[in-house]
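Residue numbers (my numbering): 42 to 515.
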Ligand code: ATR
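Quick look at the structure:
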């Protein structure tokens, strides 16, 4: 058989796989290439030979044979059945100690299952989150590898080399065992949903409150991008709002249909939040807001029918209103991130992953969609206290939010009386007031549960579990 020299292999050469392969080659690695349909492999080599050294193979067997040991094979095909099909074809050709990397968007329970199956055969399986889309894959993504620490020792340097860098620090680190990498990528996407929904609510408030046009609102976002909110998503928002539709000459967003779609990672994040009992209300509201936008029959039945009974907008000081919206957006964003990091902590404990939350914020600073200056502050918070129970309660974030709480309340109240739906702003404020409350009305819930179901309750004045005989009260 052929003598393997390639340092890394990529199978699945659609857009993402092709760009990852080119990125490896540009960093000086000899890259083995494979794709089910050989034409894709050939076109990559023909078009991008200048990127570096590629070793194309038509068969999976030749592809495997072209790799140096321990072999490192990156699979970049659709999540689900296609990934299993490729693993099934690949695994019999591999030898003990080889490393299989799934860089697709797998659901983390699938990654846990695959890791266990390959470990049985003496292979490493590294489920890896890759964020940043096509552009990131080519020029530097944020990379979130799971799997064994042993596999990271040889694979990690290659992944770090092709990852985005911020201040010279790679946006790639070993997340934790088995499914930890894909889990963290999932939460990243959930946070992205929340971030986008909050931005959309801010836009909607400025549109209604000020009667501002899309390009005018774009200027507000461009200004915000020079402060605490500086981030890729705010920058993108400013650009999108400034964009003119070529066909009509109208602001682009005004001709885009208002039904948001989703591929399902938000839903996975929310489902897991429910499984773990973590209130990720920002992500959940963002996911449900997309669902509501796409609920055409319900919206048609309600539009123009359900009474609004709203006040007329009257904003005498637009500058002050814009600043209130900015502060409400920032505070709500801190809540969404705080909740997402709570979910990572809960999963880490539940699945035995020992995830360093500060390191997650660090590798999200570049390459990915939620990249932002703000993430440095999160890393610093976990450096101050690795076991921080609540990101919101870190002194920096407590002070940052305190500065905007009054504005946040004004905005949520204004949204309510003027009939602008702000599920993420509103629920984030409700979470903030809930988590800081001295006493929540859960006492009444427990009393009710004991009344109708003898579910028992605990007391404020004594240890133990109690049940009251309610028969005399009925
Ligand atoms: P895109 O939509 O950008 O083309 P995609 O559909 O997400 O990308 O991924 C398609 C990739 O998965 C392709 O490399 C495809 O191989 P082909 O080029 O032969 O179509 C690969 N793929 C999908 N299903 C597969 C399977 N069952 N076995 C092997 N490769 C598969």
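We put the beta carbon where it would ideally sit given N, CA and C, even for glycine. Everything numeric in this text was worked out from a predicted model, so none of it was measured.
Under a 10 Å Cβ-count criterion, residue 171 is classified as buried, with 16 or more other Cβ atoms of the shown protein chains found around its own Cβ. Relative to the ligand ATR, the beta carbon of residue 53 is positioned inside 7 Å of a heavy atom.
In this structure, residue 56 has its CB closer than 7 Å to one or more heavy atoms of the ligand ATR. Every unbroken stretch of the alpha helix (DSSP H) spanning 4 or more residues and falling wholly within the region 85-150 is given here in chain order: 101-106, 122-131. Collapsing the DSSP output to three states places residue 445 in coil. Listed in chain order, the non-local C-beta contacts of residue 289 below 8 Å within the same chain comprise 296, local neighbours out to five positions each way being set aside. The beta carbon of residue 76 sits closer than 7 Å to at least one heavy atom of the ligand ATR.
Ranked by how close their Cα comes to the Cα of residue 357, the residues 260, 491, 252 have 252 in first place.
Counting the other CB atoms within 10 Å of its CB gives residue 224 a total of 16 or more, which places it among the buried residues.
Residue 195 and residue 139 have their C-alpha atoms some 10 Å from each other.
Judged by DSSP in its simplified three-state form, residue 277 adopts helix. Residue pairing from DSSP places residue 185 in a beta bridge opposite 170.
For residue 119, the Cβ falls inside the 7 Å cut-off from some heavy atom of the ligand ATR. Here DSSP, grouped into helix, strand and coil, assigns residue 497 to coil. When secondary structure is reduced to three states using DSSP, residue 330 falls in the helix class.
Per the coordinates, the alpha-carbon of residue 404 lies some 5 Å from the alpha-carbon of residue 213. In the three-state DSSP reduction, residue 416 falls in the helix class (H, G or I). Taking 8 Å as the cut-off, the Cβ atoms of residue 218 and residue 394 count as close.
Beta-bridge pairing by DSSP links residue 213 to 184. Buried is the label assigned to residue 331, since at least 16 other Cβ atoms lie within 10 Å of its Cβ.
Ranking 326, 304, 334, 267 by CA distance to the CA of residue 298 puts 334 first. In this structure, the CA atom of residue 126 is about 12 Å from the CA atom of residue 52.
Rounded to whole angstroms, the gap between the alpha carbons of residue 210 and residue 202 is 10 Å. Residues 251 of the same chain have their beta carbon placed closer than 6 Å to that of residue 359, with the five preceding and five following residues left out of the count.
Between residue 183 and residue 158, the gap from beta carbon to beta carbon reaches 8 Å or more. Around the beta carbon of residue 511, a 10 Å sphere encloses fewer than 16 other beta carbons of the protein chains shown; the residue is thus reported as exposed. Taken through DSSP and simplified to helix, strand or coil, residue 256 comes out as helix.
By alpha-carbon distance to residue 45, the top candidate from 105, 237, 279 is 105. If you draw a 10 Å sphere on the C-beta of residue 254, you find fewer than 16 other C-beta atoms in it, and that means exposed. Annotation for residue 73: no alpha helix (DSSP H) segment contains it, though the beta strand (DSSP E) segment containing it runs 72-75. Separation of residue 311 and residue 193 (C-alpha to C-alpha, rounded to the nearest whole angstrom) is 29 Å.
Within the chosen limit of 7 Å, the ligand ATR does not reach the beta carbon of residue 73 with any heavy atom. Beta-bridge analysis with DSSP links residue 261 to no other residue. Contiguous alpha helix (DSSP H) elements confined to the region 328-406 occur at 337-343, 359-392, 398-404, taking only those with 4 or more residues. In this structure, residue 366 sits near residue 246, with a CB-CB distance shorter than 8 Å.
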